[in-house]
Structures are given as structure tokens and as C-alpha cells.
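Read through the structure below, which is laid out as C-alpha cells, and then see the notes.
Numbering (the working numbering), first residue to last: 2 to 566.
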């Protein structure tokens, strides 16, 4: 998900190093004037090692989308995006670009790209446009693929093979002489194939389902094969397969023409039988998809036969059981599905369904029994799953309005702190009598302390924050006053204890530089020195700087960074 950034305060949302690099790019005039594609949508070229394209979307003063086609993936925002933001904010910030400085500070508003295109297309003749499209399609494979897949309804030779050929051409274009696709090329594949998937979605929106099936099937098959000779560490190629599979899944929920339903279910059955996606999650996904589509007795027999085939792993077996249960519910008498559920109750998903059903029917004793049996069965090998059953015990107690049990289970789950299905602290505060609360929560703090886990101090700190016990929070922070700890709790303590926090930051910075050497570390230390100044402790900051100058005079990079404080 794209990090949303308020335009007027974007500096607070960007890593300082990236911020500086983006500013340098802007000041040296490497940002071409952004084009407004449509209201609030901007596109700009930023010169760098290569020319990179940045796209930004602005809504109500907030950057809601930001994309750059550079290979940077070390953080949510790259320097090219920041450079474009500086360009858009140059008037407010009083900045000017080196090479591209203009005389008019506020130039007249330009037409958006959409407006320019509409105006141009109104003037271009049909023959001129046809000639242009023909020439571009012959010269540019990506453009050709977009054209062919966007207007498939007019192609009488349309088939899965047509699209498979397009995907193969994309893969071939970026593979090296050994046929391998490296990490950066995988990203290029993702962008090119995404154009095909956009076309598939358009065809589905037009209810041209046949074309959507052809495109998605071709993408799934060819990209699965590509995973064998590609570095997909970023998930670009596998992501395309998942996106195509999800599109077919959405299609299955539509009211499909019978011919389309048969076409899709036959594809799912056949690809599963031929093990086309064996070894990947989508192998079971096509089986699950076929379960959504079955209508006839023949189809039911066929899918049950496939489900009952021996599975390669425990995971596959349990997923197949989940699918079979849904098929039985859909096609058989309820008693058949219930019998299957009981026979396979150690399947966690089926156990959950059984508990949900019992709870809905107010069969509380049965629901409790199922949850407790799950705890006993999973505690040793799957402790995380066992805690889920404790959460179900809490939900059952809540349904029964059993205050004692609610407190018991919520307390256990809060202290355990493994998986916060609910806000256990809020539940406890609501259930425990106010006059008993302080005694109760102090006992909880004691129990947490005894566990001696690395995250326990953080849990105790959160209690202090919720209760607004600031002196105790300060004392806790003083026990382990690292930069990370101070960062986490400064906002709660700085108003009351600015001097104390500044002093703790000072000690933490000095200790940090005893252990770390290098410009990146020096920049981090100086960032915290500036925090000390913001806390109103300029004197403490000056002492830290003086100490560092005296202690490390030979660290030239450190001296340079201290000059910037």
C-alpha cells in the first residue's frame, strides 16, 4: 500500500538522506516540468543514471499515490519522487531549480494531458491515426500487445495461445543470453504483463468473459514457467500469476453465461489434472475456483475425485479438506457435510467452522468443548494456533456474558501478547470493577515482568501510557535508554520531562558513536542532536557536540556532519 503524504509536511514523512538527495536533484535542475495528466494526477521525468518516470496523485493536499520506475526498494519513497515533490512545492518553500529556473514564479495553468489528447484526436484524421497505430505496433512490442489485448473482441483468431505468445515475447525481450531473467528485469516483466491484465479486467467489465479467461490462463501458465528461470525475489512474476488467478476468482462470483461457466470450470479441472501449477499455491486455487463453479452431478463427482487424490503435504491435504467441505455443503445433504466436519475436526479451519456453527446455534457447551480440545491438540506443535482457540473461548464467554470467564481469558491473552485478535486491555478495563482496577492491573504488570521476554518492557510501557502514569514510564525508559527506546516514548514524555529526555538522548548518542563508525551513523547521531535542540536543550546539544569534537577529532566525516547541526 502506498504511504500517503501530506504535501505541506512531506519532509516529516521521508528519510533524511532521501530528502537531501531529492532536494539536490531538484536544485540541479534534473526534474522536468511535471505534466498534469488529469486533475490531481502528475507525471514527470527525472534525470539520473537513466531517465525515470515519476507519477503522483494529489487529493485534498495529500499525495495518495506515488510511483517511480527506478529500481530503488529500500524504503517507501525514492529520491526521484522527493525531487518532484520539491518541484511542486518550490514556491511554498522559496526554492528555485538550477537549470530550469523560470522568470514567472506562477506560470499560467497548462492544459492537462487528457485535454491535450482530446484536442489533438479531434483534429487528426482517421487515416492518419490508423497509420500511426500501425507503425507503432510494428516497432514497439509493448504497444502492440496493449493494442491486441485491448480490442480482442474484434479478433476472430483469439485464443489462449495468442496471449501466451505475447507473454513469451515479453519474457524473451528481457532475458539474458542464457535465458535467465534477473531481478531488475523481473520488474519490467511485471509492468508489461500488467498491461495485459488491465486489458483482461476491461474485457471482464464489458462481460467479454471468454477473452478474460484466455488472457488470465496464458499469464498464469507462462509466468509460472518463467519462475523456473527468473530471480523473483521481489514477487513481481509470482504477483502476476496471483493477480490473474484472483481475477478469475472474481469472475466466478459473477452470474456467468452457461457457456462461459463451462469454459472456466473445464480449464480449472484440466489444469489441476495436468499438474500445470503443481508446487505453487495456485495449484489448489484452481481447485478451489472449480468448487465455486460446479453445478452438475458429473462435475461434483469429478471434483470430489480430484480432492480425494493423495496430497503431497499436510498443508495441501488440509486445504483440500476445506474445499471438500464447501463442496459437500453445496451439493449434498447437510448431514453429510456435518459428518465430514466431525471426522476431520483436527483441521483448524474446519474446527473454526464447527465452533462458529455451535456458537451461532447457542450450543455453548459444544463450542467450549471444541475450543478446549483444539488447545490440547495444538499447544505443543502449534502454540500460536492454540492461542486462537483461547480467543474463541473468550468470544464464547462474551456471548454468554460470563464476566469471570471473560476476565480470565482476556487476561491470559493480554499477558501472552502473541496474537491480538481483540483489544484485550479494553475488554479487561470494561469488565473489572473500577475500585478493583489498580490492584488488578498491578498484578498483571507483575506477571508480565516475571516472563522475562524481550517484548515485556514494551507491554508494560503501553500500560503506563494507557493509564497516563508518566513518572513510571520515564523510570522504565531510563532502564534501557537506547535511541530506539527514546524515539518510541519521547512524544509521551517530552512535555513534562523535556530536559530529562534531552539528557537521555545525549548519553544515548555518545554510546551510539562508541559502537558505530561511518557517515550513515554520524548522520543518524546528528539527527538526534537536532532532536535535543528541538526539546529546548541547546546547551545539552552543544555539550554533546563539544564532547564529540574532542573525543573523535580524526573522524573527518563526523566533523563534517557536526558542522551541519
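Ideal placement from N, C-alpha and C gives every residue a C-beta, glycine not left out. In this text the structure is predicted, and so the values were computed from the model without any measurement.
Here's a check: name, in chain order, each residue in its chain whose Cβ is nearer than 7 Å to the Cβ of residue i, leaving out the five neighbours to either side.
i: residue 402; result: none
i: residue 287; result: 269, 272, 273 and 278
i: residue 391; result: 376, 410, 413 and 414
i: residue 506; result: 487, 529, 532 and 533
i: residue 347; result: 378
i: residue 555; result: none
i: residue 537; result: 499
i: residue 352; result: 346, 371 and 375
i: residue 97; result: 91
i: residue 470; result: none
i: residue 1; result: The structure shown has nothing for residue 1, since the chain only spans 2 to 566.
Where does residue i land, buried or exposed, given buried means 16+ other C-beta within 10 angstroms?
i: residue 9; result: exposed
i: residue 107; result: Low confidence applies to residue 107: its pLDDT is 42, below 50, so where it sits in the model is not reliable, and the reading given next is rough at best. So residue 107 ends up on the exposed side.
i: residue 52; result: exposed
i: residue 435; result: exposed
i: residue 237; result: buried
i: residue 343; result: exposed
i: residue 103; result: Residue placement at residue 103 is flagged as unreliable, the pLDDT there being 43, under the threshold of 50; a coordinate-derived value is accordingly withheld.
i: residue 67; result: buried
i: residue 181; result: exposed
i: residue 433; result: buried
i: residue 302; result: exposed
i: residue 452; result: exposed
i: residue 118; result: exposed
i: residue 325; result: buried
i: residue 262; result: buried
i: residue 519; result: exposed
i: residue 225; result: buried
Whose C-beta lies closer than 6 Å to the C-beta of residue i among residues of the same chain, with five residues either side of it excluded?
i: residue 145; result: 138
i: residue 542; result: 530, 533 and 534
i: residue 11; result: 86
i: residue 164; result: 215, 216 and 219
i: residue 14; result: 6
i: residue 71; result: 53, 79 and 81
i: residue 132; result: none
i: residue 121; result: none
i: residue 73; result: 79
Look up residue i in the DSSP assignment and say whether it is helix, strand or coil.
i: residue 73; result: coil
i: residue 199; result: helix
i: residue 238; result: helix
i: residue 33; result: coil
i: residue 65; result: strand
i: residue 139; result: helix
i: residue 565; result: coil
i: residue 510; result: helix
i: residue 312; result: coil
i: residue 207; result: coil
i: residue 5; result: coil
i: residue 23; result: helix
i: residue 319; result: helix
i: residue 517; result: coil
i: residue 581; result: The requested residue 581 is not part of the displayed model; the chain covers only 2 to 566.
i: residue 536; result: coil
i: residue 414; result: helix
i: residue 97; result: coil
i: residue 125; result: coil
i: residue 79; result: coil
i: residue 555; result: coil
i: residue 402; result: coil
According to DSSP, what are the bridge partners of residue i?
i: residue 54; result: 46
i: residue 336; result: Residue 336 is not bridged to any residue.
i: residue 231; result: 182
i: residue 10; result: Answer is none; residue 10 lacks a bridge partner.
i: residue 382; result: Paired residue(s): none; residue 382 is not in a bridge.
i: residue 39; result: 42
i: residue 60; result: 63
Between residue i and chain D, is there a C-beta pair that is closer than 8 Å?
i: residue 299; result: The structure shown has no chain D; it contains just one protein chain.
Within its chain, find whatever has a CB closer than 8 Å to the CB of residue i; leave out the 5 residues flanking it on each side and keep chain order.
i: residue 276; result: 284
i: residue 545; result: 507, 510, 511, 530 and 533
Those runs of the alpha helix (DSSP H) which lie wholly inside the segment 422-502 and span at least 4 residues: Within the segment 422-502, the complete alpha helix (DSSP H) runs of at least 4 residues are 425-432, 435-452, 457-468 and 471-480.
Please list the segments of the alpha helix (DSSP H) lying wholly inside the segment 346-372, counting only runs of 4 or more residues, in order along the chain. Residue ranges of uninterrupted alpha helix (DSSP H) with 4 or more members, entirely inside the segment 346-372 and ordered along the chain, are 349-361.
Report the residue ranges of all alpha helix (DSSP H) runs contained in full by the segment 244-309; include only those spanning at least 4 residues, in chain order. If only complete runs of 4 or more residues are kept, the segment 244-309 shows the alpha helix (DSSP H) at 259-274, 282-294 and 298-308, in order along the chain.
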